[in-house]
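Peer 1:
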Amino acid sequence: MSPAGPSGAVARRILVRGRVQGVGFRWSAMAEGNRLGLAGWARNLPDGRVEVHAQGPEEAVAALVAWLRVGPMGAAVTSSREEPAPLEPGLGSFEIRR
335 MSPAGPSGAV ARRILVRGRV QGVGFRWSAM AEGNRLGLAG WARNLPDGRV EVHAQGPEEA
395 VAALVAWLRV GPMGAAVTSS REEPAPLEPG LGSFEIRR
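Under the numbering used here, read the sequence shown as residues 335 to 432, first letter to last.
#1: Given this structure, state the Cα-to-Cα distance separating A343 from G426, to the nearest angstrom.
#2: What do you reckon, are the CB atoms on V374 and A388 nearer than 8 Å?
#3: State the start and end residues of the unbroken beta strand (DSSP E) segment that holds S414.
#4: Specify, as a first and last residue, the run of the alpha helix (DSSP H) that L398 falls within.
#5: Pick helix, strand or coil for E366, following the three-state DSSP scheme.
#6: Let me make sure I understand the geometry here. Which of A410, P423 and G367 has the alpha-carbon closest to that of A394?
As structure tokens, then:
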């Protein structure tokens with residue numbers, strides 16, 4: 335994971351590839367992120383991938399990353415890539431971005 339910020343939070347950027355658009359992937363990721371108490375967002379990319387930014391306690395971010403490798407019913411994740419990301423101040427919950 336990335337080094338913890340001043341609040342102990344970490345942030346990750348995750349790119350998910352496969353059948354991940356048109357199957358409720360972003361909405362399910364938002365629900366899972368909120369369930370885990372994370373802040374962040376999910377958005378579709380023009381190339382068919384979904385990009386997710388997640389920040390919060392390291393264990394919760396790791397749990398979301400693991401969930402994203404499988405995704406919701408109806409999705410078919412073929413690969414995911416994660417990398418450290420800067421914390422985004424002002425994020426209070428998980429949201430969908432367009």
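Here a beta-carbon is modelled for each residue, glycine too, at the ideal position from N, C-alpha and C. Nothing here was measured: the structure is a model prediction, and the numbers come from that model.
Peer 2: In short, the structure shows the following:
#1: 13 Å
#2: According to the sequence shown, residue 374 is Gly rather than Val. Contact flag set, yes.
#3: A410 to P418
#4: E392 to L402
#5: helix
#6: G367
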